[in-house]
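Enquirer: Structure in structure tokens, see below.
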Amino acid sequence: MKYLIWLLFIVVSCKQKEKENQIVGKWEYERMETYSGEPINLADSLINNLHQQQKGLTFSFTSKNVFKVSNPKAKNPQDFIAEQPYELSTDKKSLVLKNKGRPDDNFSIIELSDSLLKINIFYSDTAYMVFGKKE
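Here the sequence shown stands for residues 2 to 136, numbered as in this note's numbering.
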């Protein structure tokens with residue numbers, strides 16, 4: 002019996018733990034993608050302008066559920082544009098930003114991995130933003 006308990010302890014200890022909250026860290030805007038898989042038309046001046054404005058945009062998520070946004074195009078890139086609490090759904094398909102004085106923002110997550118965050122922050126039915134993990 003003693004050996005059985007010891008063996009059980011070893012198996013449980015060596016079992017791969019479920020990954021921690023993958024969204025925690027610093028994410029930087031990389032590109033836009035379409036749901037259809039077709040390339041984004043950067044020749045369209047409106048789309049290209051939006052893409053250029055988003056370059057360098059950084060999202061940071063802490064383990065204490067604090068979300069921060071920064072943009073290097075601001076006067077002081079160290080300044081945060083926004084900071085607020087967030088919640089990630091248990092299925093990791095939805096991100097809720099908790100707002101004060103107005104309804105919360107609820108964004109669809111298309112994909113979340115150790116290196117990519119694909120999220121629809123524009124409530125678009127055509128395209129979404131792709132962020133790469135920096136930290």
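Glycine included, every Cβ here is placed at the ideal spot set by N, Cα and C.
May I ask which residues mark the beginning and end of the beta strand (DSSP E) holding ASN42?
Expert: The residue given as residue 42 occupies position 41 in the sequence shown. No beta strand (DSSP E) contains ASN42, which DSSP labels as neither H nor E.
Enquirer: Bridge partners of TYR30, per DSSP?
Expert: On the sequence shown, residue 30 is found 29 positions in, with the first residue counted as 1. Its beta-bridge partners are PHE132.
Enquirer: Between SER116 and the rest of its own chain, which residues show a CB-CB distance below 7 Å, the 5 nearest in sequence each way excluded?
Expert: Here residue 116 refers to the residue found at position 115 of the sequence shown. Once the five neighbours on either side are set aside, the close Cβ partners of SER116 are GLY133, LYS134.
Enquirer: On the DSSP letters alone, give me the boundaries of the beta strand (DSSP E) that THR59 sits inside.
Expert: For the purposes of this step, residue 59 is taken as the residue at position 58 of the sequence shown. Element bounds for THR59: 59-62.
Enquirer: The beta strand (DSSP E) with ILE111 in it runs from where to where?
Expert: As a first step, residue 111 is located in the sequence shown; it is residue number 110 there, counting from the start. Taken as a continuous stretch (DSSP letters only), the beta strand (DSSP E) holding ILE111 covers 106-113.
Enquirer: Below 8 Å, can you find three or more Cβ-Cβ pairs linking the region 94-102 to the region 27-38?
Expert: These segments do not touch.
Enquirer: Under the rule that 16 or more other beta-carbon atoms within 10 Å means buried, what is ILE124, buried or exposed?
Expert: Start at 1 with the first residue of the sequence shown, and residue 124 comes out as number 123. It is Tyr, not Ile, that sits at residue 124 in the sequence shown. Result: exposed.
Enquirer: Ignore the nearest five residues each way along the sequence and tell me which others in SER61's own chain have a CB closer than 6 Å to its CB.
Expert: By one-based count along the sequence shown, residue 61 stands at place 60. Hits under 6 Å: LYS27, LYS69.
Enquirer: What would DSSP say about GLN85, mapped onto helix, strand or coil?
Expert: Translated into the one-based positions of the sequence shown, residue 85 becomes position 84. It is a strand residue.
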